[in-house]
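Residue numbers (the working numbering), protein chains in the order written: chain A, 1483 to 1827; chain B, 0 to 69.
We put the beta carbon where it would ideally sit given N, CA and C, even for glycine.
Since this is a predicted model, take the numbers as computed values, not measurements.
As structure tokens, the structure follows; a few thoughts come after it.
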């Protein structure tokens, strides 16, 4: 025991500090990450194996995707979506998946230009063909313009546009599911917030999968459901993946969401794994109560303009664009997506 | 000792000085910068460091804040 302790603790001299260099739990080489909830330290090689394995396990465990299916991967160029694309590309042969990345240029000035540049670079590095759709080219307006002219917050407009385009792309291209880079640190704070505010239905929609309906509503899957934001970042760094390192000009990092996020961080620090257990129990409840499918489909109808899901006779995207641009842009987006797909062949 | 730190995504650059020290643990560096261990990723030469690793005089490290950027 004494010998083991000596090898783990290295005294660096009276002018330095005592270092307890972490060793990989699998091979004993230098660790680059400590994972308290898994009680493991991992080196670069074993962390990549761990991360990709966790993504593959999540896909299988929650039945996100079946063998032979195609998946549209939403790639913004940020660390999370880049990690998702890389991990899914790595496990695709084992799971027999067809990965189809899509990037939406949102027109947020330099930030969007940088996101596009990074996405192209990542795609080259991973050897995948990423479809690109420019909002300005297709509908004639950017997110800031749509936001300003509609007097709606840019983040609300951005979320609406992205959800619409991703679903429309999946439907137009006949893809089985849409995968997004939401990890546990994105989802857990919102789940807890919804529970605190008494909206259990909204919390349960943050499950790993929300079912769809063929030709109308794409299934949405979250393969990063059981990995943390920090793990996504470390994975991207180790793999040498480029990712956008600047903040979105509209990002807001305050309010109740930030407080809940902080609370979960502190809680997980003192009780490692509690966040994961919380989200696993949420996923079990969503399965048990059959959320999303029954609720969502009962609530939805078809937009009279574009034919895609809507809570009333006009969907949110067509309503927004009709108000701002004078005509609903949903049908234009669907046509443009056909061209994007055709031009890549 | 002097360690230069570049912080992402704010691109802030900070110099940490520890007179009389030859090395300093990453954990100490982070305390100095006001970060919790799991709030950031510290990278030296393209490789992530754990909180137990040390940085030496003249080292340049990058600190990535773990937060969604958009």
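Name the one or two DSSP bridge partners that residue 1556 of chain A has.
-> A/1584
Alpha carbon to alpha carbon, how far is residue 1679 of chain A from residue 1520 of chain A? Give it in angstroms, no decimals.
-> Near 31 Å, if we compare the C-alpha coordinates of residue 1679 of chain A and residue 1520 of chain A.
Within-7 Å CB hit, residue 1700 of chain A to chain B = Not one beta carbon of chain B lies nearer than 7 Å to the beta carbon of residue 1700 of chain A.
Count the other C-beta atoms from every protein chain shown that fall within 10 angstroms of the C-beta of residue 1640 of chain A, then say buried if there are 16 or more, exposed otherwise.
-> buried
Going by CA-CA distance only, name the one from A/1590, A/1567 and A/1615 that's closest to residue 1606 of chain A.
-> A/1567
Reducing DSSP to helix, strand and coil, say where residue 41 of chain B ends up.
-> Residue 41 of chain B falls in the strand class under three-state DSSP.
Between the C-alpha atoms of residue 1631 of chain A and residue 1806 of chain A, what's the straight-line distance to the nearest angstrom?
-> 6 Å
Residue 1728 of chain A and residue 1667 of chain A closer than 7 Å at C-beta | no
Integer Cβ distance of residue 1571 of chain A from residue 1610 of chain A, believed to fall under 8 Å = Residue 1571 of chain A to residue 1610 of chain A, Cβ: 6 Å. Contact.
Which residues in chain A sit within 7 Å of residue 8 of chain B, going by Cβ to Cβ distance?
-> 1727, 1728 and 1729
The stretch 1684-1692 of chain A contacting the stretch 1526-1534 of chain A, beta-carbon criterion three pairs below 8 Å = no
According to DSSP, is residue 1613 of chain A helix, strand or coil?
-> In this structure, residue 1613 of chain A counts as strand in the three-state DSSP scheme.
Pick out the complete alpha helix (DSSP H) segments inside the stretch 1505-1568 of chain A, 4 residues or longer, and give them in chain order.
-> 1526-1543
Test: residue 14 of chain B CB closer than 7 Å to a CB of chain A | no
Are the beta-carbon atoms of residue 1577 of chain A and residue 1691 of chain A separated by less than 7 Å?
-> No Cβ-Cβ contact shorter than 7 Å links residue 1577 of chain A with residue 1691 of chain A.
So is residue 1689 of chain A in contact with chain B if we call contact Cβ pairs under 7 Å?
-> Answer no: the Cβ-Cβ gap between residue 1689 of chain A and chain B never drops below 7 Å.
Could you give the distance in angstroms between the alpha-carbon of residue 1775 of chain A and the alpha-carbon of residue 1694 of chain A?
-> Summary for residue 1775 of chain A: the model assigns pLDDT 49, below 50, so the residue's position carries little reliability; its value from the coordinates is reported in the next sentence. Computed Cα separation, rounded: 7 Å.
What is the DSSP secondary structure of residue 1768 of chain A, reduced to helix, strand or coil?
-> helix
Reduced DSSP category for residue 48 of chain B - H, G, I as helix; E, B as strand; rest coil | Residue 48 of chain B: strand per DSSP, three-state reduction.
Quick one: is residue 51 of chain B near chain A, going by C-beta distance under 7 Å?
-> yes
Using 10 angstroms around the beta-carbon of residue 20 of chain B, count the other beta-carbons present and answer buried if the total reaches 16, otherwise exposed.
-> Residue 20 of chain B is classed as buried because its beta carbon has at least 16 other beta carbons within 10 Å across all chains shown.
Between the Cα of residue 1650 of chain A and those of A/1824, A/1817 and A/1562, spot the shortest distance and give me the residue it belongs to.
-> A/1817
Beta-carbon contacts of residue 1549 of chain A that lie in its chain and below 7 Å, excluding the five residues immediately before and after | Cβ neighbours of residue 1549 of chain A beyond the five flanking positions: 1577 and 1578.
The beta strand (DSSP E) with residue 1596 of chain A in it runs from where to where?
-> Where residue 1596 of chain A is concerned, there is no enclosing beta strand (DSSP E), although the alpha helix (DSSP H) around it starts and stops at 1591-1608.
Of all the options B/43, B/18 and B/24, which has the alpha carbon lying nearest to the alpha carbon of residue 6 of chain B?
-> Out of B/43, B/18 and B/24, B/43 has the C-alpha closest to the C-alpha of residue 6 of chain B.
Straight-line CA distance for residue 65 of chain B to residue 17 of chain B?
-> 26 Å
To the nearest angstrom, report how far apart residue 14 of chain B and residue 2 of chain B are at their CA atoms.
-> When rounded, the distance between both Cα atoms is 6 Å.
Please go through the same chain and pick out, in chain order, the residues whose beta-carbon is closer than 8 Å to the beta-carbon of residue 1718 of chain A, but skip the five residues on each side of it.
-> 1561, 1564, 1565, 1568 and 1725
Inter-residue Cα distance where the pair is residue 1737 of chain A and residue 1612 of chain A = 35 Å
Enumerate in chain order the residues of its own chain whose CB-to-CB distance from residue 1518 of chain A is below 6 Å, with the five nearest sequence positions on each side excluded.
-> 1754
Can you have a look at residue 1638 of chain A and say buried or exposed, based on whether 16 or more other CB atoms are within 10 angstroms of its CB?
-> exposed
Closer than 7 Å, CB to CB, is residue 18 of chain B near chain A or not?
-> no
Where residue 42 of chain B meets chain A, residues with beta-carbon distance less than 7 Å = Here the neighbours are 1719.
Determine, using beta carbons only, whether residue 56 of chain B and residue 1503 of chain A come nearer to each other than 7 Å.
-> no
Extent of the continuous alpha helix (DSSP H) to which residue 27 of chain B belongs = 25-32
Could you give the distance in angstroms between the alpha-carbon of residue 1636 of chain A and the alpha-carbon of residue 1730 of chain A?
-> 11 Å
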